[in-house]
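Residue numbers (our numbering), protein chains in the order written: chain B, 187 to 282; chain H, 187 to 282.
Heads up, the beta-carbon is just placed ideally off N, CA and C, and yes, glycines get one too.
Here is the structure we will look at.
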């Protein structure tokens with residue numbers, strides 16, 4: 187398994203309707219892509235980072251991860267929602 | 187629960203005896219501190235970060251986390267091993 191994670195901060199105010207809508211749409215769009223397992227959204231709360239949320243998901247293997255990355259629904263979410271609404275982020279992937 | 191994580195890079199070469207010894211000592215010292223649950227060490231493999239390992243642990247609540255942070259064994263590991271051997275790191279904590 188590979189755990190794919192991204193920690194990020196939105197341009198929307200904490201607790202706003204825009205924040206809630208972004209998170210709900212991200213969940214709906216990304217969990218519908220084949221191969222995505224154990225998708226979670228969590229708050230990042232350490233004061234040692236100014237990023238505020240994490241998306242996490244698991245893939246069975248690298249080929250499944252690559253297919254997700256290339257999937258049109260993922261690419262559309264990145265270009266139409268992620269790029270304009272996320273002001274900072276960092277990806278990490280963990281081998282399991 | 188709170189998941190406390192730190193992603194980091196050692197000054198030791200990948201696959202070296204020094205790397206293995208650091209990871210083994212970190213595991214032994216940190217898992218012996220009261221309140222540390224589900225301690226894991228994983229490799230960070232995304233090319234979008236130059237950090238190479240992650241320590242992760244869970245605490246039942248903030249008071250348990252604070253007690254870990256203040257514990258002499260944690261403080262000694264940070265000053266005697268972490269500071270001289272870790273060249274870059276980033277902490278993240280996630281609410282669960």
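Point to revise | Alpha carbon of residue 237 of chain B to alpha carbon of residue 272 of chain H, nearest angstrom | key: 22 Å
Check your understanding: CB residue 263 of chain B to CB residue 192 of chain B, shorter than 8 Å?
Key -> no
Exercise for review: Can you give me the Cβ contacts of residue 257 of chain H inside the same chain, cut-off strictly under 6 Å, excluding the 5 residues immediately before and after it?
Suggested key: 219
Exercise for review: Report all residues from its chain with a CB closer than 7 Å to the CB of residue 336 of chain B; omit the five preceding and five following residues, and keep chain order.
Suggested key: Summary: the structure shown does not reach residue 336 of chain B, with chain B confined to residues 187 through 282, and so no result is reported for it.
Practice item. For residue 230 of chain B, count neighbouring C-beta atoms within 10 Å of its own C-beta (all shown protein chains included) and say buried if the count is 16 or more, exposed if not. Key: buried
Check your understanding: Of the residues H/221, H/215, H/242, which one's Cα is nearest the Cα of residue 228 of chain H?
Key -> H/242
Exercise for review: Give the residues of chain B in contact with residue 232 of chain H, contact being defined as C-beta atoms less than 7 Å apart.
Suggested key: 277, 278, 279
Practice item. Note down the Cα distance separating residue 207 of chain B from residue 280 of chain H, rounded to an integer number of angstroms. Key: 21 Å
Point to revise | For residue 277 of chain H, the residue or residues it bridges with in DSSP | key: H/192
**Study point:** CB contact check: residue 261 of chain B to chain H, cutoff 8 Å
**Key:** no
Check your understanding: With DSSP run on the structure shown, which of helix, strand or coil describes residue 197 of chain B?
Key -> coil
Review point. If you measure from the CB of residue 189 of chain B, is any heavy atom of the ligand NAD nearer than 7 Å?
Key: With respect to the ligand NAD, the structure shown offers nothing to examine, as it has no ligands at all.
Review point. Going along the chain, which residues of its own chain have a beta-carbon closer than 6 Å to the beta-carbon of residue 283 of chain H, five neighbours each way excluded?
Key: With chain H represented from 187 up to 282, any question about residue 283 of chain H goes unanswered, as that position is not in the structure.
Practice item. Note down, in chain order, each residue of its chain lying with its Cβ closer than 6 Å to the Cβ of residue 195 of chain H, except the 5 sequence neighbours on either side. Key: 237, 238, 273, 274
Check your understanding: If we cut at 8 Å on Cβ distances, does residue 215 of chain B have a partner in chain H?
Key -> no
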